[in-house]
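Counted from 1, the sequence shown has number 220 at position 220 by the working numbering; the numbering is strictly sequential. Heads up, the beta-carbon is just placed ideally off N, CA and C, and yes, glycines get one too. Step one of this worksheet: look at the structure below.
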Amino acid sequence: AGADRRLVVSYSYYHPDKSCFTVRLAVHPLDAGWDDPLPEGAAPDRAGWQVVYETRPCLPFKRKRHPYSGQQAGGRMVSDGKGALYLTVGDHEFDGIDGADSSPAYSQLADADYGKVLRFDTRDWSAAVFTIGHRNPQGITIDDDGRVWAVEHGPMGGDELNLLRAGANYGWPIVTLGVYYTERENDTKRWPFNPRQGWHEGYQAPVHAWVPSKGLGNVKVLRDLNARIDGDLLVVGMAAWTLYRMRIENERVVYAEPISVTGRIRYAEVANGEIYLLLDDGRFATMRPRPTGDLEDGTAASVLEPALAVRDCQECHVRPDSPHLRSILGSAVASQEGVRYTPALIAAGGLWSEERLRAFLDDPQAFAPGTAMPDPGLGEAEIAAVLDALKPRAD
1 AGADRRLVVS
11 YSYYHPDKSC
21 FTVRLAVHPL
31 DAGWDDPLPE
41 GAAPDRAGWQ
51 VVYETRPCLP
61 FKRKRHPYSG
71 QQAGGRMVSD
81 GKGALYLTVG
91 DHEFDGIDGA
101 DSSPAYSQLA
111 DADYGKVLRF
121 DTRDWSAAVF
131 TIGHRNPQGI
141 TIDDDGRVWA
151 VEHGPMGGDE
161 LNLLRAGANY
171 GWPIVTLGVY
181 YTERENDTKR
191 WPFNPRQGWH
201 EGYQAPVHAW
211 VPSKGLGNVK
221 VLRDLNARID
231 GDLLVVGMAA
241 WTLYRMRIEN
251 ERVVYAEPIS
261 VTGRIRYAEV
271 ANGEIYLLLD
281 DGRFATMRPR
291 PTGDLEDGTA
301 ASVLEPALAV
311 RDCQECHVRP
321 DSPHLRSILG
331 SAVASQEGVR
341 YTPALIAAGG
351 LWSEERLRAF
361 LDDPQAFAPG
371 TAMPDPGLGE
381 AEIAAVLDAL
391 KPRAD
């Protein structure tokens, strides 16, 4: 609270004077009123940012493969709420494949920050290496037992879920369960440094791996959703258009439930009793557990279902000047503070009942002629799905 509230960002930074790039960590204090809407036409204040860390060394452009491999930069963060912040840093494709002179295997070198997870003390922003031997850690989270979990892109067939242990070496690029990206002329399906193909020996092994690769995004702990799934991990499979609900027992994966999503997922967040999804095409969606009873044999069933991904409801309703959909059922029409309502909707008056919302979604102009709400083009089943998603959840 107060002066202790800070915004922390990680980003790639190009040094034009040296023709090389690094990853930076920057901090900005959040003063009272930081989230108030800006006056119309006002520009955001870009002052106050402090760069507290910069990776080493400054990476040059490579002569082979991708000159700049920003797609393997990592950059995910998580705070433990006790003064420590963890930052993942990818290897930027400096893995030794092209020879140590042009592409050193930085993940295994003590004098380089790449291919590491760094731990920061947020009191003075001093940094220490937490784990090494990573390729492209795209997600990191901390569970209720204080364990740090990370997911990362391996090479072909080597995507991993790792339980991070202080000081552990996860083997990249020496060992991996994946293989080199092959071409039609070279289909050897091997990793050149691995002494035993298809195995991960001599280093900290992943808790789980995906074959084929799923293009893992981030990982979150499911909390305050449903007693049957709270505590499980949620892993984003970008390439697979799939979420994976991971049940962990005794530090091992008991099962991974795939949950298909109609779009490539870029990021997932768990908050306010829902799962929020950002899709690659710019759409937002939410998901929440669908209430289910116990099965006849006494086992429990639980399913996650898409809610407001239907016809891109969230695309507009996440804007600060648009109505928020949570708790809209039963509320007064055109009553949310900070929202710019049209005179047509204000004139409609009354409360948002299911019947009125159904009529509004079916034909906005017939309900309130002149409203800014476009016709969503929903069928009866889609309207029913949206109304069900808007119903208050039982505690």
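By the CB criterion at 8 Å, V89 and Y114 fall inside the cutoff. The C-alpha of P369 lies about 11 Å from the C-alpha of F360.
Excluding residues up to 5 positions away in sequence, V221 lie with their Cβ nearer than 6 Å to the Cβ of D143 in the same chain.
A contact between stretches requires three or more CB pairs, one per stretch, nearer than 8 Å, and the region 349-363 meets this requirement with the region 329-338.
For I265, the closest of Y203, V253, N218 and L233 by C-alpha to C-alpha distance is N218. Spatial neighbours of V175 in its own chain (CB-CB distance under 6 Å, excluding positions within 5 residues in sequence) are listed in chain order as N194, H200 and Y203. W49 has its alpha-carbon roughly 22 Å from the corresponding atom of G41. Shown here, V52 sits in a strand according to DSSP, grouped into three states.
Partner residues in the beta bridge of A127, as assigned by DSSP, are F120. Pairwise C-beta distances place the region 153-163 in contact with the region 205-215, as three or more of them are shorter than 8 Å. Of the candidates D224, R245 and R190, R245 places its Cα closest to the Cα of H208. Listed in chain order, the non-local C-beta contacts of R252 below 8 Å within the same chain comprise V207, local neighbours out to five positions each way being set aside. Bridge pairing for Y267: L278 [DSSP].
When beta bridges are read from the DSSP output, F21 appears opposite Y14 and L59.
L225: not part of any beta strand (DSSP E); DSSP gives it neither H nor E.
For A209, the enclosing beta strand (DSSP E) stretches over residues H208 to W210. E249 and L216 have their alpha carbons spaced roughly 21 Å apart. Beyond the five residues adjoining it in sequence on each side, Y11 comes within less than 8 Å, by CB distance, of V23, R24, A26 and G75 in the same chain, given in chain order.
In this model, S103 and I140 are separated by some 26 Å (Cα to Cα). Looking at P376, I229, V261 and D362, the one whose alpha-carbon comes closest to that of W241 is V261. In its chain, beyond the 5 residues on either side, L38 have a beta carbon closer than 8 Å to the beta carbon of P44.
Note on geometry: alpha-carbon atoms of V78 and P289 lie some 25 Å from one another.
Leaving aside the five residues that flank H15 on each side, the residues in its chain whose CB is nearer than 8 Å to its CB run, in chain order, F21, T22 and C58. V236 sits buried, since 16 or more C-beta atoms from the chains shown fall within 10 Å of its C-beta. Exposure of K391 is indicated by the presence of fewer than 16 other C-beta atoms within 10 angstroms of its C-beta. Nearest C-alpha to N272 among E380, H28, E257 and S327: S327.
Taking 8 Å as the upper bound for CB-CB distance, L85 and V8 are in contact here, some 7 Å apart. Distance from the CA atom of A239 to the CA atom of L161, rounded to whole angstroms, is 16 Å.
If you look at V386, you'll find it in the alpha helix (DSSP H) that goes E380 to L390. Where L234 is concerned, there is no enclosing alpha helix (DSSP H), although the beta strand (DSSP E) around it starts and stops at L233 to G237. Burial check for R135: the Cβ neighbour count within 10 Å reaches 16 or more, so the residue is buried.
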